[in-house]
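**Student:** Residues in the sequence shown are numbered consecutively from 382, following the UniProt record's numbering. We put the CB at the ideal spot given by N, CA and C, even for glycine. The following block contains the structure, expressed as structure tokens.
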Amino acid sequence: RAKAAGGGTVRFYTRDLSVFAAERVKLESALWSGLERSEFSLFYQPQVRVRDNAIVGAEALIRWQHPEFGMVYPARFIGLAEETGLIRPIGEWALVTANAQNRVWRSQGFPELRMAINVSTRQFRDGGILHSLQALLAAGELDPGSLELEVTESSMMDDMEESIGILNDLRALGASISLDDFGTGYSSLAYLRRLPVDRLKIDQSFVHDMESDPQKKTMIKEIIHLALAFNLGIIAEGVETSGELGFLAEHGCHEYQGYFYSRPVSASEFERLLRAPRTNG
Ligand code: C2E
Ligand code: MG
Ligand code: MG
Ligand code: MG
């Protein structure tokens with residue numbers, strides 16, 4: 382019963398899992414044993430250049446294949462992993478795995494491919510991500526410029542001065558920084574101007590249903606203009622229709638990702654997409 386992923390089935394899991402989650406201790410120990418039993422995997426979603434529809438990057442998204450509850454999505458366990466500190470070993474595993482996968486792809490004919498990984502507030506603040514990157518670098522396993530760290534605006538806000546320091550340290554190691562879920566936080570323009578980041582990632586809530594919502598379109602235009610004015614890269618997430626892509630293209634958005642091009646897929650499926658003849662968008 383855990384295999385199919387239809388809408389109804391997902392609801393079923395969700396109810397089961399929330400009974401389970403009501404006992405946090407159980408979920409926590411299931412997360413631990415999940416790590417030990419290698420129940421986690423990474424899916425990859427293409428990040429696509431608007432101009433020529435080329436895949437320029439991958440975003441690694443974690444999945445948990447629980448023996449009883451089936452596929453568990455990060456929304457259901459990342460929060461608890463953060464609270465309990467389990468995000469440290471999980472995040473470390475995700476970084477090492479995604480980086481290793483990217484090195485394989487880069488060596489197999491896609492030397493420019495970029496790998497984006499999501500960094501939680503805790504990994505960012507406690508120096509965990511910095512140390513993991515340093516370890517990879519020391520082992521000679523990190524290609525400079527190949528890794529992008531997705532951090533959220535809200536992770537930055539607790540302590541702006543400290544955040545700027547950490548971001549500079551991460552960039553000094555050769556990682557680039559993308560501000561995920563951009564537009565949903567409360568950071569002011571003055572803050573944004575000071576944050577050493579490379580790219581803004583337009584949150585999918587603006588993209589969703591934008592075609593029937595003039596305010597969303599306005600927000601998207603403003604965010605794109607902001608990125609261009611600050612000389613930042615700009616990527617939109619959650620793009621599901623050709624109309625949405627058309628609007629983004631018209632307003633100069635550099636890159637996009639979303640179901641319109643591909644859902645997050647397994648490594649082997651991603652490789653198939655990389656090798657597939659390019660379709661013109
Ligand atoms: P996010 O980084 O903002 O990722 C975007 C989410 O949108 C992903 O959900 C992705 O599967 C989904 N998505 C992509 N394209 C579309 C689309 O066209 N339409 C719709 N409706 N959704 C789309 P997912 O994989 O469930 O991940 C949810 C969140 O969990 C991520 O949000 C990220 O914050 C977190 N996450 C995922 N993997 C990791 C990880 O390895 N470490 C940490 N710390 N957080 C992670
Ligand atoms: Mg992300
Ligand atoms: Mg996002
Ligand atoms: Mg998100």
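Should glutamate 420 be listed as close to ligand 3, given that the test is whether its C-beta is under 8 Å from any heavy atom?
**Tutor:** no
**Student:** Pop quiz: phenylalanine 641 and glutamate 621 are said to be a contact at Cβ under 8 Å. What is the actual Cβ separation, rounded to whole angstroms?
**Tutor:** 5 Å
**Student:** Specify the secondary structure class of threonine 465 as computed by DSSP and reduced to three states.
**Tutor:** helix
**Student:** Smallest Cα separation from alanine 610: which of Glu440, Leu573, Glu404?
**Tutor:** Cα-wise, what sits closest to alanine 610 is Leu573.
**Student:** Comparing the CB of alanine 497 with every heavy atom of ligand 2, is any distance shorter than 8 Å?
**Tutor:** With a cut-off of 8 Å, the C-beta of alanine 497 is classified as near ligand 2, since at least one heavy atom of the ligand falls inside that distance.
**Student:** Assign glutamine 638 to one of three DSSP states: helix, strand, or coil.
**Tutor:** coil
**Student:** In terms of DSSP beta bridges, what is tryptophan 445 paired with?
**Tutor:** Phe421, Val453
**Student:** Within 10 angstroms of its Cβ, does histidine 512 collect 16 or more other Cβ (buried), or is it exposed?
**Tutor:** Counting the other Cβ atoms within 10 Å of the Cβ of histidine 512 gives fewer than 16, which makes it exposed.
**Student:** Do leucine 560 and leucine 581 count as a contact pair if the criterion is CB distance below 9 Å?
**Tutor:** yes
**Student:** Of all the beta strand (DSSP E) runs that stay within the bounds of the stretch 484 to 521, which reach a length of 3 or more residues?
**Tutor:** 495 to 499
**Student:** Please name the residue in Met600, Glu534, Lys598, Ser422 whose C-alpha comes closest to that of proline 645.
**Tutor:** Ser422
**Student:** Closer than 7 Å by C-beta to phenylalanine 587: which residues in its own chain qualify, once you throw out the five before and the five after it? Chain order, please.
**Tutor:** Gly564, Lys597, Met600, Ile601
**Student:** What number of angstroms, rounded off, separates the C-alpha of glutamine 482 from the C-alpha of glutamate 464?
**Tutor:** The alpha-carbon atoms of glutamine 482 and glutamate 464 are separated by roughly 28 Å.
**Student:** Check this for me: beta carbons of leucine 548 and leucine 514, under 9 Å apart or not?
**Tutor:** Cβ atoms of leucine 548 and leucine 514: not closer than 9 Å.
**Student:** Who are the near neighbours of isoleucine 471 in its chain, counting only those whose CB is closer than 6 Å to its CB and skipping five residues on each side?
**Tutor:** Ala462
**Student:** Would phenylalanine 458 and leucine 442 qualify as a contact pair, given that the criterion is a beta-carbon distance under 9 Å?
**Tutor:** no
**Student:** Which of helix, strand or coil does DSSP assign to aspartate 561?
**Tutor:** Strand, per DSSP.
**Student:** Would you say glutamine 504 touches ligand 3, meaning its beta carbon is less than 8 Å from a heavy atom?
**Tutor:** no
**Student:** Tell me, please, which residues DSSP counts as bridged to leucine 581.
**Tutor:** Leu560, Ile615
**Student:** Under 6 Å Cβ to Cβ from alanine 383, same chain only, skipping five residues before and after it: list those, please.
**Tutor:** The predicted model places alanine 383 with a pLDDT of 38, which falls under 50 and marks its position as unreliable, so this point remains unresolved.
**Student:** Report the three-state DSSP secondary structure of proline 525 (helix, strand or coil).
**Tutor:** coil
**Student:** Between glutamate 409 and histidine 447, how many whole angstroms is the CB-CB distance? I'm expecting something under 8 Å.
**Tutor:** The Cβ separation is near 13 Å, so there is no contact.
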